[in-house]
Structure formats: structure tokens, C-alpha cells
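Everything below concerns the one structure shown next.
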DNA sequence: TACGTAATATACCGACAAGCTAATTAACCC
DNA sequence: GGGTTAATTAGCTTGTCGGTATATTACGTA
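Rendered as C-alpha cells:
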């Protein structure tokens, strides 16, 4: 039983799980709905396992509706992770390479983030993204 | 060989490694200097291994000075992680529980973070930290 | 040259993570 | 009750991780 932060980061360290979270950003979904994009490359129990990891990490809550288990996103643990990362904010801004200024500009241009950088670049979610640096943000979501 | 983001998160999913990064925020340090706070609970090769993980994740750069290997912090991968997390910013702000408003207040009150929430609560770093925000950056690099 | 120190390499271990298949539970509908 | 669908559990294999102990490389110095 590791600490909360470790469990959070550990849960995020898998592209499938990140894609699941990304999908849940669009609203609640059942397990099969969540699994659907992966079923070519992974079985349903596999997805269930990943969901379990996210669930014990506190980022996904499963309710029950008859035989379905609608899952919802819970960002509470992400707040801790973001708070941890906040400590490094000044360092990131200091090193003004690649993403640096972009990110700081983006975070400083508060709230209504039309961002969507690379939600799940490595996952067979049909929407192909591709970062396209020219589209400063917009599109996608 | 997982993707970059997974490797980054995976590297962060360990309190020892997070403590190492935290220590490096104060400036470059050799391996033994970095290991010193842990030597009661872990051997030197153990720390070297953790450093290796951080190194292959691109968050630590080892240079060499005679038989010493001064390590420096490299926040580049953290930018990607922060960018990923940025997507969930709006969700975090929407759920205004515990940390929510505090964090958003904090990020909105840009840069000079006198923050220091819980850098390494679970690790025997004798320097009771607090990073002294006066050294806005300077030194180190 | 020999010695002490800094750091890594190698080999080994137990534990856990990720994936599968097959079987099982749970709820609905006829 | 019988059949169907949703989802989980169980058991297994494979691979990686965290840690140790020991040996080795590299350097500075007496």
C-alpha cells in the first residue's frame, strides 16, 4: 500500500488508463462503452483490471445501474498530483525550451482552456489528434 | 519501452525518486550527497538505481567530474506531464472540494510560488526544506 | 605503487503488474 | 425458470521493479 501520490502517478503511468480517464472527461460511461475502443487489442477483463487500478487510485467511481456499472471521473487525486507538480512550476518556466513558454502562457491564460494538446496520442481512440502546433489550441474537444 | 509520458509518470510514482527530485531543486548534487538521507533505509546501489530510472526518464542529467557524478534536475519531461494534467484543470476547478479552490488560487497567483505544500512528507530528508522561495532561481544551474 | 573513496555493474531474489482464457456472478427479459 | 448480456473473479504466464550483496572500474593521493 503505497502513499496516495505514488498510487496516483502509478495509475497515470499507463496509456490505456490515461485514455480511459480521457474518455471519462466526456461524461460517465459503462465498462463496455469504455472498453470498446480497446477490444481489438485487449480483452474486457483487461480493461476491467485497468479500471480497478483507477478505482483504487480514487480517480474513477463505479456506481451501479442494473447490470451496468456507470463509471465517473474523480479528479480529487489529480489535485494532489497537480499540487506536487506546482512546486516545479518555477523550474519549468525558468527552462524556456520546447513546451516551456507555451505551457506557462497557457496556464497564465487562466481557466477556459481550449487546450487539448495530446489527450491520448498513443491509443486507438479514433480521433487522430496529432498535436498540430499551428492550431495554437482550438479544435479537438 | 513505453511512451515518454508513461515513463515520466512511472518515474514519479515512487517517494524516494520524488524526494531525489526535490533535493535536486536546491541545486546539483553528487550521488553520495543525494543518497545520504536514505542510507539508513537503503543502500547506495539502491539509490543509484532510482537515479538511473530518473535519468532514463530524462529528469536527471549526470555529468562527470573525476570520480563524482554531479546530477542536475531536468524538468523537460515534467512539462509534458503538466501539459497532460492541464487538460483536467477545468475538471479540478469544477469540483471545489478540498484542494480545489486553493490550487486554482495558487496557480492563478502566478510564478513566485511561496507554496511548498508537501514536498516529500514521507521521506527522511533532514533539511526540513521549505526551499526558501527567496532564491527565486539563480544559483543552481 | 598501493590505498581509500565514488560510483557502477552483475547477479540474484521476492513481489507485483499486465495480459490472457475460462468460469462465475448478477441482472434483465421472455 | 431459461437465455442473454454486463461485469467480475480465478488461475496462469510473463515480465518488470525494488532491493540486496558482491565485485569492478575510475580517480586522487600518500
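Protein chains in written order, with the working numbering: chain A, -17 to 123; chain B, -17 to 123.
Glycine included, every Cβ here is placed at the ideal spot set by N, Cα and C.
None of the values given here were measured: they were computed from a predicted structure.
- When DSSP reads this structure, residue 44(A) sits in a beta bridge with 53(A).
- For residue 64(B) against residue -5(A), the beta-carbon gap comes to about 15 Å, at or over 8 Å, which does not count as contact.
- Against chain B, the beta carbon of residue 73(A) has neighbours under 7 Å at 7, 55, 57, listed in chain order.
- Listed in chain order, the alpha helix (DSSP H) runs fully inside the region -5 to 22 of chain A are -3 to 7, 13 to 17, counting runs of at least 4 residues.
- Counting only residues of its own chain and dropping the five nearest sequence neighbours on each side, residue -11(B) has a CB closer than 6 Å to the CB of 39.
- Contact check for residue -1(A) against residue 57(A) fails: the beta carbons are separated by 8 Å or more.
- For residue 44(B), no chain A residue has a C-beta closer than 9 Å to its own C-beta; the minimum C-beta separation is roughly 17 Å.
- Contact annotation: in the region -10 to 6 of chain B, residues whose CB is within less than 9 Å of a CB in chain A are -10, -9, -8, -7, -6, -5, -4, -3, 0, 3, 4.
- Not a single CB atom of chain A sits nearer than 8 Å to the CB of residue 34(B).
- A Cβ-Cβ contact shorter than 8 Å links residue -9(B) with residue -9(A).
- At least one beta carbon of chain B lies nearer than 8 Å to the beta carbon of residue 67(A).
- In the three-state DSSP reduction, residue -15(A) falls in the coil class, being neither helix nor strand.
- Interface annotation, residue 60(B): in contact with chain A, CB-CB separation under 8 Å.
- An exposed status is given to residue 46(B), since fewer than 16 other beta-carbon atoms sit within 10 Å of its beta-carbon.
- Per DSSP, residue 25(A) lies in no alpha helix (DSSP H) segment and is marked neither H nor E.
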